[in-house]
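Novice:
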Amino acid sequence: MSERLAVFKTYKLYVGGKFPRSESGRVYEVTDAKGSWLANAPLASRKDARDAVVAARKAFGGWSGATAYNRGQILYRVAEMLEGRRDQFVAEVADAEGLSKAKAAAQVDAAVDRWVWYAGWSDKVAQIAGSSNPVAGPYFNLSAPEPTGVVAVVAPQESSFLGLVSVLAPVIVTGNTAVVVAAERAPLPALSLAEVLATSDLPGGVVNLLSGRTAELSAPLAAHQDVNALDLAGADAALATELETAAADNLKRVLRPRATDWTADPGTDRLLSFLETKTVWHPMGV
Amino acid sequence: MRYGINADAARIRPFPGGSGRGVACRYARRYAPLVTMPTTVPAYGNEAAGRLASMADVTASNGALRRFLHGLPGVDAVGLQARAATLGTRSIKTTAKAYAIDLAISMIDLTTLEGADTPGKVRALCAKGVHPDPTDRTAPKVAAICVYPDMVATAKEALGDSGIHVASVATAFPAGRAALPVKLADTRDAVAAGADEIDMVIDRGAFLSGRYLEVFEEIKAVKEACARPDGPAAHLKVIFETGELQTYDNVRRVSWLAMLAGADFIKTSTGKVAVNATPPVTLLMLEAVRDFAAATGVQVGVKPAGGIRTTKDAVKYLVMVNETLGDAWLTADWFRFGASSLLNDLLMQRQKLSTGRYSGPDYVTVD
Amino acid sequence: MTFDYAPAPESRAVVDLASSYGLFIDGEFTEGAGGGLRKTVSPATEEVLAEYTQGTADDVDRAVKAARAAFEKWSALPGAERAKYLFRIARIIQERSRELAVLETLDNGKPIREARDADLPLVAAHFFYYAGWADKLDHAGLGPNPRPLGVAGQVIPWNFPLLMLAWKVAPALACGNTVVLKPAETTPLSALFFADICRQAGLPKGVVNIVTGDGSTGAALVAHPGIDKVAFTGSTEVGKAIARTVAGTDKKLTLELGGKAANIVFDDAPIDQAVEGIVNGIFFNQGHVCCAGSRLLVQESVQDELLDALKRRMATLRVGDPLDKNTDIGAINSAEQLARITELADAGEAEGAERWAPACELPGAGYWFAPTLFTGVTQAHRIAREEVFGPVLSVLTFRTPEEAVAKANNTPYGLSAGIWTEKGSRMLWMASKLRAGVIWSNTFNKFDPTSPFGGYKESGFGREGGRHGLEAYLNV
């Protein structure tokens, strides 16, 4: 009996709820930690980045307008779907990051739990980030958070999956939409996550995932006038400075990179970094 | 930088699609598509009746009147109060203050409405109205003496040919709780005794329960009772008792209602309840008068009454008139203060301006 | 006879101006390091009020070092003690509010009525509000153990010189930071008087440093490696340059920049109050307000009535001597700003909008611009897109709520917006759709220390005021 020949997966981008190849037709080799070939990943182009921004903008109205309860349900659904494909992700993370199966499993489990943590925040964040303001006059005055808009996320390079989930979930749970540049050398868990997102009732375009050269993809995103914010988690210092400088052109909100233990309690910092505060005044009188 | 309602129309260039005629309540305009009017006419003239007739469809039934009144633009209380307060910060000094004081004196309806009123009291008040400052005969006379109907004849006689009007409250003042025939008889009695002006009260109960047409018809009936076969009709002031109407929306509605019914003046209060004239309520009535004039071409006067006791207060009201309606209303024909103690404060301030010294209550008369 | 208001000028005698001012560094006024002196003029008369020092990079360095030296002790003070200094400052501002109001009017050109009734009460209130936070930071909901950032470099504009100082200095000090503040080139005086208030309050030396000068002084401050925080209020253009300067550093940045607010009037609006709100929205402070309601979006079904009323109201605005207590519109702050307003207004006419202003006599000397409105403006006109920062209102129309939202949001700015309607559900729907940091419904240009202020998009980021305003000055 000959051994069965495995069916390889063609990894694709995730843009606007669809799984296109790069419009450039390019791919690059992805290897495991020891240098063995794992797969070819799409080498996304500047145009792919632009298409992703268009998709994210198009999705923003609906996603930000959905009820917080609904967004929480969908994020929880992501966790459910991920739990069901745990083994696949454990294998992919182990390959991508050169981890033992046990350590990879811990990363995947933490990622599932992270989706659950952020799912619960959807209908609570306004209560901790908002305020009723006792102004000195006959006015009703209320401040409430709103999503910033389209957020470009440079995913962490060293934590291809837990790191990715840790930066993506807080961006979208509050109603932002995201364009994510996956870890350059380990994009496969991210590209597989797209398959989970696509089957979790997440509207197309809310999350758009690109693989390729981080510098090549993040530069047009940082300069893009229809991107509202930038998470530089996966940018090195030189790139981060370059991107933050470019981001100044339309005053994107920028979350600078910093050393992060992705397994630690995430707190609310990332959640609050991509929110605007809107304050509404109205007179009170008869 | 000054604004008078007639001059204004000439100064403001019409813009595309605009009427170029100054503001008009859109509803009034819809119901009464009047052509551009060269001038406004006084509410008490013969012409006014014709202009009001063009609005007859909005008073054809209680339903029509209700739809009209509730279609008027709303009033935001906080914004109205803020505007009145800002106007209250105007600083009126030196020559402007002297002008304002004399103007205010000339606009006073010097009032006594007490159960204890006697002919002697009324005659004393009339004497004061003619010569408010016994030490300074240049002080202007007041606009009117305001009394109960049974004192009209006394006041009329005491005032003689001074030119000061006699105003009489009527229609079961101040509550207005009497049958219509009684109210009309009350009015006719005062008119027959020689009253130049009638200050009627509306039926607040009817208004608050939505019986607008009833209030409208009552005002119309009282206006008819103001007619005099042998001379000019008494002018009709309609008192809303705004302190009982509670909301500014109600004040705007009742203002339009009264003006549609033929009021010559609209007046805030009787002076007999807890809340009388306030700057915001008066400002709102001035705005209603302005809009009514723009919509119909009929000029109506305004009289705040009750609670205005100091020169500072009076000047604030004059500033409101000046910046809302302009010169055309800055005469005793179109703006009055219903007051009693105000006069002495105006006189003391007037003495201060002319002598440079602060005056005291012993230098003005107690009547 | 007409009721003409006699001149009612506020007395200048309450302000004792020196002929020249140094820099306030490390608790005392010192001479600059060779940048020379500049003049500040009254924009209403072009009279020179005083000379002040052009701060250099060396001066900035000295100020930052003084602030750094003061930081350790100041940040280690119990919050309750820091609070007491701020309460003292608030009280002294109240005591000296008449003097400060006159000073502000002289240097800025704003009407004394507004300096007296808006600026100064808000300045004192801001210090009172943040004073109370100083010992309650653990309860602000910003995470455990909030720490001050260090030295804050603050650059403020000329439109509300003392109020913008208060917005910057009060929360910074309450959170335990020390500050180097650079007031605007054309309005340095009230900040220099504030230095004297710090002296009267006994504030430890070096906690507040005031370095005056032009844009180059501000640029030196922002670029100084010794500061931990940059807070800027001013133009979007400069804000972007600052964002580039701090890129790649650890400096925390908050920016409060320009705006092009839509003031949206529906046909069921309370018309008289809407007119007041429109006037207050665009003519308050000569329109030198980042959140000014500079685009009037009026529903077509009510535009004739509204514009008639608006023009009639504009004709009653009193333009002239800012010190006259009856003045509604004062002087434009500088010749440069006047040139900018004039250029944009001319462009409005050239592009086909119809210009209207009430008949109004403007003084001969000084910088003046009549309250002006443009009708027939479209989204494509420059006066509908660019911030004029002057008393110029662009009127556009809409037919449906959706169209109003689309037009209101069609701008790179997102600072504020106004909604006028008597229908509550529509107001809330509109408020949720407008992409702006402050929504005034049935009111406009209201400010309060408890109420967060700041923009979306290119109007900047970060909030000033309220609990939210603490976050800009804390490491959380």
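For the record, the sequence lines run as chains A, B and C.
All residue numbers for the first sequence refer to this note's numbering, where the first residue is 1 and numbers rise by one.
All residue numbers for the second sequence refer to this note's numbering, where the first residue is 1 and numbers rise by one.
All residue numbers for the third sequence refer to this note's numbering, where the first residue is 1 and numbers rise by one.
Cβ atoms here follow ideal geometry from the backbone N, Cα and C, with glycine treated the same way.
#1: Applying a beta-carbon distance threshold of less than 7 Å, which residues of chain C neighbour B/Lys-128?
#2: Is C/Thr-495 helix, strand or coil by DSSP?
#3: In this structure, what does DSSP give as the bridge partners for C/Leu-255?
#4: With three or more C-beta pairs closer than 8 Å as the rule, is the stretch 434–444 of chain C touching the stretch 213–223 of chain C?
#5: Just tell me which of B/Pro-42, B/Arg-66, B/Ala-77 has its CA closest to the CA of B/Thr-247.
#6: Would you say B/Met-37 lies against chain A (beta-carbon separation less than 8 Å)?
#7: So B/Ala-155 and B/Val-122 are supposed to be a Cβ contact under 8 Å. How far apart are they, rounded?
#8: At the 8 Å Cβ level, is B/Pro-73 part of the contact set with chain C, yes or no?
#9: Put C/Arg-38 into one of helix, strand or coil per three-state DSSP.
#10: Of all the options C/Val-405, C/Phe-447, C/Arg-426, C/Ala-69, which has the alpha carbon lying nearest to the alpha carbon of C/Ala-436?
#11: What is the DSSP secondary structure of B/Phe-216, reduced to helix, strand or coil?
#12: Using three-state DSSP, classify A/Pro-87 as helix, strand or coil.
#13: Just mark C/Asp-346 as buried or exposed, buried being the case when its beta carbon has 16 or more other beta carbons within 10 Å.
#14: Anyone know if the C-beta pair for A/Thr-290 and C/Ser-451 falls short of 8 Å?
#15: In whole angstroms, what is the alpha-carbon distance linking C/Ile-329 and C/Ser-11?
#16: If you draw a straight line from the alpha carbon of B/Arg-188 to that of B/Ala-225, how long is it in whole angstroms?
#17: Rounded to whole angstroms, what's the CA-CA distance from B/Phe-335 to B/Val-302? Just pull it up for me.
#18: Quick check on the burial criterion: 16 or more other C-beta atoms within 10 angstroms. Buried or exposed for B/Tyr-358?
#19: May I ask you to verify whether the stretch 335–350 of chain C touches the stretch 289–304 of chain C, counting CB pairs closer than 8 Å and requiring at least 3?
#20: Is it right to say C/Ala-362 is buried, meaning 16 or more other beta carbons lie within 10 angstroms of its own, or is it exposed?
#21: Within 10 Å of its beta-carbon, does C/Val-298 have 16 or more other beta-carbons around it, so buried, or fewer, so exposed?
#22: Between C/Pro-157 and chain A, is the shortest Cβ-Cβ distance under 8 Å, so that the two count as touching?
#23: Using the C-alpha atoms, what's the distance from C/Leu-257 back to C/Ile-383?
#24: 8 Å is my cut-off, CB to CB: does B/Val-215 come that close to chain A?
#25: Would you say A/Pro-134 lies against chain C (beta-carbon separation less than 8 Å)?
#26: Taking A/Leu-13 as the reference, which of A/Gln-157, A/Arg-71, A/Asp-201, A/Asn-40 has the closest Cα?
#27: By the 10 Å Cβ neighbour count, where 16 or more other Cβ atoms means buried, how is C/Gln-286 classified, buried or exposed?
#28: What's the gap between the Cα of B/Glu-218 and the Cα of B/Leu-180?
#29: Roughly how many angstroms separate the alpha carbons of C/Ala-118 and C/Gly-418, rounded to a whole number?
#30: Go ahead and label C/Lys-260 buried or exposed: buried means 16 or more other beta carbons lie within 10 angstroms of its beta carbon, across all protein chains shown.
#31: Considering only the beta carbon of each residue, do C/Ala-174 and C/Leu-86 sit closer than 8 Å?
#32: Are the C-beta of A/Ser-273 and some C-beta of chain C separated by less than 8 Å?
#33: Report the residue from C/Phe-24, C/Trp-133, C/Phe-71, C/Val-15 whose alpha carbon sits nearest the alpha carbon of C/Leu-502.
#34: Output the distance between the C-alpha atoms of C/Thr-375 and C/Arg-355, rounded to the nearest integer angstrom.
#35: Which one of A/Ala-186, A/Ile-172, A/Glu-3, A/Ala-55 has the shortest CA to CA distance from A/Leu-99?
#36: Between the stretch 157–174 of chain A and chain C, which residues of the former have CB atoms less than 9 Å from a CB of the latter, in chain order?
Specialist: Well, looking at it:
#1: Here residue 128 of chain B is taken as the residue at index 128 of the second sequence, counted from 1. Ordered by position in chain C, no residue passes the 7 Å Cβ test against B/Lys-128, which lies about 24 Å from the chain.
#2: In the structure as shown, chain C begins at 1 and stops at 476. Residue 495 of chain C is therefore absent and cannot be evaluated.
#3: Taking the third sequence and counting its residues from 1, the one referred to as residue 255 of chain C is at position 255. Beta-bridge analysis with DSSP links C/Leu-255 to C/Phe-232, C/Phe-461.
#4: By the Cβ test, the stretch 213–223 of chain C is not in contact with the stretch 434–444 of chain C, since fewer than three Cβ pairs between them sit closer than 8 Å.
#5: Within the second sequence, residue 247 of chain B is the residue found at index 247, counting from 1. Comparing alpha carbon positions, the residue from B/Pro-42, B/Arg-66, B/Ala-77 closest to B/Thr-247 is B/Ala-77.
#6: Here the question's residue 37 of chain B lines up with position 37 in the second sequence. Because the pLDDT at B/Met-37 is just 48, under 50, the model does not fix this residue reliably, and the value given afterwards should be weighed accordingly. It does not: the Cβ of B/Met-37 has no partner Cβ on chain A nearer than 8 Å.
#7: Working through the second sequence from its first residue, we reach residue 155 of chain B at position 155. Working through the second sequence from its first residue, we reach residue 122 of chain B at position 122. Contact holds; Cβ gap of about 5 Å.
#8: Residue numbering aside, residue 73 of chain B sits at position 73 when the second sequence is read from its first letter. It does; some Cβ of chain C falls within 8 Å.
#9: Your numbering for residue 38 of chain C matches position 38 in the third sequence. If DSSP states are grouped into helix, strand and coil, C/Arg-38 belongs with the strands.
#10: As a first step, residue 436 of chain C is located in the third sequence; it is residue number 436 there, counting from the start. Comparing Cα-Cα distances from C/Ala-436 to each of C/Val-405, C/Phe-447, C/Arg-426, C/Ala-69, the minimum goes to C/Val-405.
#11: As a position in the second sequence, residue 216 of chain B is number 216, starting the count at 1. The answer is helix: DSSP assigns B/Phe-216 an H, G or I state.
#12: Reading the first sequence from its first residue, position 87 is the one you call residue 87 of chain A. For clarity, residue 87 of chain A is Asp in the given sequence; the question names Pro instead. Helix, per DSSP.
#13: Along the third sequence, one-based indexing puts residue 346 of chain C at 346. With fewer than 16 other CB atoms across the displayed protein chains lying within 10 angstroms of its CB, C/Asp-346 is exposed.
#14: Chain A is shown only over 1 to 286; residue 290 of chain A falls outside these bounds and no answer can be derived.
#15: If you number the third sequence from 1, residue 329 of chain C lands on position 329. If you number the third sequence from 1, residue 11 of chain C lands on position 11. Distance between the alpha carbons of C/Ile-329 and C/Ser-11 is about 18 Å.
#16: On the second sequence, position 188 is the one that residue 188 of chain B refers to. On the second sequence, position 225 is the one that residue 225 of chain B refers to. When rounded, the distance between both Cα atoms is 6 Å.
#17: Residue numbering aside, residue 335 of chain B sits at position 335 when the second sequence is read from its first letter. Residue numbering aside, residue 302 of chain B sits at position 302 when the second sequence is read from its first letter. Answer to the nearest angstrom: the Cα atoms are 5 Å apart.
#18: Along the second sequence, read from residue 1 onward, the residue named residue 358 of chain B stands at position 358. Exposed: under 16 other Cβ atoms inside 10 Å.
#19: Contact fails: fewer than three Cβ-Cβ distances are below 8 Å.
#20: Here residue 362 of chain C corresponds to residue number 362 of the third sequence, with the count starting at 1. It is worth fixing the name first, because residue 362 of chain C is Leu in this sequence and not Ala. Note on C/Leu-362: under 16 other CB atoms within 10 angstroms of its CB, so exposed under the neighbour-count rule.
#21: For the purposes of this step, residue 298 of chain C is taken as residue 298 along the third sequence, with counting starting at 1. Buried, since its Cβ has 16 or more Cβ neighbours within 10 Å.
#22: Taking the third sequence and counting its residues from 1, one reaches residue 157 of chain C at position 157. Interface residue (Cβ-Cβ distance to chain A less than 8 Å): C/Pro-157 is not classified as such.
#23: Translated into positions along the third sequence, residue 383 of chain C becomes position 383. Translated into positions along the third sequence, residue 257 of chain C becomes position 257. Looking at the two C-alpha atoms, the distance is approximately 18 Å.
#24: On the second sequence, residue 215 of chain B is found 215 positions in, with the first residue counted as 1. Chain A contact via Cβ: absent.
#25: Looking up residue 134 of chain A in the first sequence gives position 134. Yes, A/Pro-134 lies at the interface with chain C (some Cβ there is under 8 Å from its Cβ).
#26: The residue you call residue 13 of chain A lines up with position 13 of the first sequence. Considering only alpha carbons, the answer is A/Asn-40.
#27: Taking the third sequence and counting its residues from 1, one reaches residue 286 of chain C at position 286. That one is buried.
#28: As a first step, residue 218 of chain B is located in the second sequence; it is residue number 218 there, counting from the start. As a first step, residue 180 of chain B is located in the second sequence; it is residue number 180 there, counting from the start. Each residue's CA atom was taken as its position, placing B/Glu-218 and B/Leu-180 some 7 Å apart.
#29: Within the third sequence, residue 118 of chain C is the residue found at index 118, counting from 1. Within the third sequence, residue 418 of chain C is the residue found at index 418, counting from 1. About 19 Å.
#30: Taking the first residue of the third sequence as position 1, residue 260 of chain C is located at position 260. Residue environment for C/Lys-260: buried (at least 16 other C-beta atoms within 10 angstroms of its C-beta).
#31: On the third sequence, residue 174 of chain C is found 174 positions in, with the first residue counted as 1. On the third sequence, residue 86 of chain C is found 86 positions in, with the first residue counted as 1. Between C/Ala-174 and C/Leu-86, the CB-CB gap stays under 8 Å.
#32: Looking up residue 273 of chain A in the first sequence gives position 273. Judged by the 8 Å Cβ criterion, A/Ser-273 is not in contact with chain C.
#33: Outside the shown range of chain C, which is 1 to 476, sits residue 502 of chain C, and nothing can be said about it.
#34: Locating residue 375 of chain C in the third sequence gives position 375, where the first residue counts as 1. Locating residue 355 of chain C in the third sequence gives position 355, where the first residue counts as 1. If I take the Cα positions, the gap works out to 7 Å.
#35: Working through the first sequence from its first residue, we reach residue 99 of chain A at position 99. With distances taken between Cα atoms, A/Leu-99 lies closest to A/Ala-186.
#36: Of all residues in the stretch 157–174 of chain A, none has a Cβ within less than 9 Å of some Cβ in chain C.
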